[in-house]
Amino acid sequence: PNKAGCCCMLPSYVDREVSFQHFFEVVAPELRTGDIVVASWPNEQDFGTGVSRCMAHSRTSHVAMIYRPSDCPSILKYRDLKFADQVHESRPLLVQMIAAGECGHRIRRETGGLEVVDFEVYAKDYLDKFQHNPQSFDPRTSAPHRMSVRTLNDFQRTQAFYEAVEAAITKHLDKPFNGAKTWMSSQLDMCQGCFRCYCCRVPWLANEQLDSLFCSVLIADIWKTAGLLDSKLIASEMVPAMWDTTRRIQLQQGASLSLEVSVLGPQTEQERTEAMKYPARTGQPGQGGGFDISCDEFGSGGFWRVDVTKPSESTGNGATSKGAPTGHSEAPNMQTMQQPAGNGSAVTTIGKDQGGSQEKE
630 PNKAGCCCML PSYVDREVSF QHFFEVVAPE LRTGDIVVAS WPNEQDFGTG
680 VSRCMAHSRT SHVAMIYRPS DCPSILKYRD LKFADQVHES RPLLVQMIAA
730 GECGHRIRRE TGGLEVVDFE VYAKDYLDKF QHNPQSFDPR TSAPHRMSVR
780 TLNDFQRTQA FYEAVEAAIT KHLDKPFNGA KTWMSSQLDM CQGCFRCYCC
830 RVPWLANEQL DSLFCSVLIA DIWKTAGLLD SKLIASEMVP AMWDTTRRIQ
880 LQQGASLSLE VSVLGPQTEQ ERTEAMKYPA RTGQPGQGGG FDISCDEFGS
930 GGFWRVDVTK PSESTGNGAT SKGAPTGHSE APNMQTMQQP AGNGSAVTTI
980 GKDQGGSQEK E
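Heads up, the sequence shown is in this note's numbering, so the first residue is 630 and it goes up one at a time.
Following this line, the structure appears as structure tokens:
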């Protein structure tokens, strides 16, 4: 069900914004296999993604999943696809179906495809709009980039769960990215509930096509394989917004998703270097750095120079522990995180300034 309402209503989110430091030092180390990452990339130049977001009625333009080999070393065998010998096995990785191009696939530069990458590196690259935007674009004119995590709660991660996740990743490992095949059918999500007759609804259903995948289709198929989504659902019908808090996604086996814990990237050059500790960047003020892929110039650590050889250790407080204020709100506690709406959690209504710009996956 879509609780975002119709196109005349502003979408609302149940989320908490935390500081950049808190997100990566407290929240990220607690993430586990199966947790969800949703992201928002404002991009006024990408008309297609703007239309997609409008039809989905959400700020969310990308969804991915946490994959952590140390959760079950005997089963989870994948490592960072480009720097397998450098990234410590305890670190959370990101499994995603990603396009080629800006902040895209590091190996499949033409077709894109399934990527497995260190979560902290990719997140800090993604949030740094100043370094990866093209030199012809002024990054100061766009909204800050956003990344949010939703933890998988009330669910026992068993050996069968890890085996299903591993099998689904293996099945799709060599497939290319495809963001267009069932785009129109799947993005009519906001309108389908308005029509009750068979002749209007059935033609709008996307066909189950898994020879090339969009980001949300990959996550849907992994979750179907792992028993978290109803097997009768069509993975190709799933759009990224179905994993944010504008939707009430119905999980199996009593599982639930927490609210969104969000971090924003830098809005200004000063915030980038002083508050978020990014190294000095290339390019002039008013120009993007022009780096599509950070690893070509900066290696395994990306724009922020993350030390990926360093183990990722739990803080003992959980990804849902209380955090420092950010000027908006503080990180939620465990009780709040396990409740997908209300009960003391922050509800954010997104208007034009926050979610009205176009985005790129």
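We treat Cβ as the ideally placed atom computed from N, Cα and C, and that holds for glycine.
Let me check one thing: in DSSP terms, what residues is residue i bridge-paired to?
i, result
"Asn762", "The partner list for Asn762 (beta bridge, DSSP) is empty, contrary to what the question assumes."
"Phe748", "For Phe748, which the question treats as bridged, DSSP gives no partner whatsoever."
"Asn782", "Ser885"
"Gly742", "Ile727"
"Ile695", "Leu723"
"Met638", "BP columns for Met638 are empty, so no partner."
"Arg941", "Position check: residue 941 holds Ser in this sequence, whereas Arg was assumed. DSSP output for Ser941 lists no bridge partner at all."
"Ser777", "Val667, Ser891"
Considering only residues of the same chain and omitting the five flanking positions on each side of residue i, which have a CB-CB separation below 8 Å?
i, result
"Phe748", "Ala657, Leu660, Val666, Ile695, Arg720, Pro721, Leu722, Leu723"
"Leu883", "In the sequence as displayed, the identity of residue 883 is Gly instead of Leu. Excluding sequence neighbours, Gly883 sits near Asp783, Phe784."
Have a look at residue i and residue j and give me their C-alpha separation to the nearest angstrom.
i, j, result
"Leu710", "Val745", "6 Å"
"Gly730", "Glu739", "8 Å"
"Ser891", "Gln879", "22 Å"
"Pro940", "Asp700", "13 Å"
"Gln896", "Leu802", "35 Å"
"Leu781", "Thr662", "9 Å"
"Glu903", "Gln838", "46 Å"
"Asn716", "Arg877", "According to the sequence displayed, residue 716 carries Val and not Asn. C-alpha separation (whole angstroms): 35 Å."
"Leu858", "Ala728", "25 Å"
"Gln788", "Arg708", "19 Å"
"Lys706", "Ile848", "18 Å"
Kindly list the residues whose CB is nearer than 7 Å to the CB of residue i, restricted to its own chain and excluding five residues on each side of it in sequence; keep chain order.
i, result
"Asn807", "Ser841, Leu842, Phe843"
"His957", "The pLDDT assigned to His957 is 31, lower than 50, so where the model puts this residue is not dependable; a value taken from the coordinates is nonetheless given after this. These residues qualify, in order along the chain: Glu646."
Since residue i contacts residue j with CB under 8 Å, what's their CB separation in whole angstroms?
i, j, result
"Ser771", "Lys758", "6 Å"
"Glu889", "Arg779", "6 Å"
"Asp873", "Tyr642", "7 Å"
"Ser943", "His774", "That pair is no contact at about 27 Å."
"Gly741", "Pro805", "6 Å"
Kindly list the residues whose CB is nearer than 6 Å to the CB of residue i, restricted to its own chain and excluding five residues on each side of it in sequence; keep chain order.
i, result
"Ala855", "Phe790, Ala793, Val794"
"Leu933", "For clarity, residue 933 is Trp in the given sequence; the question names Leu instead. Closer than 6 Å at Cβ, skipping near neighbours: Lys753, Tyr907."
"Gly915", "Asp767"
"Thr911", "Gly918"
"Phe712", "Ser929"
"Leu743", "Met726, His801, Leu802"
* Please go through the segment 824 to 904 and give each complete beta strand (DSSP E) segment of 3 or more residues, from N-terminal end onward. => 889 to 893
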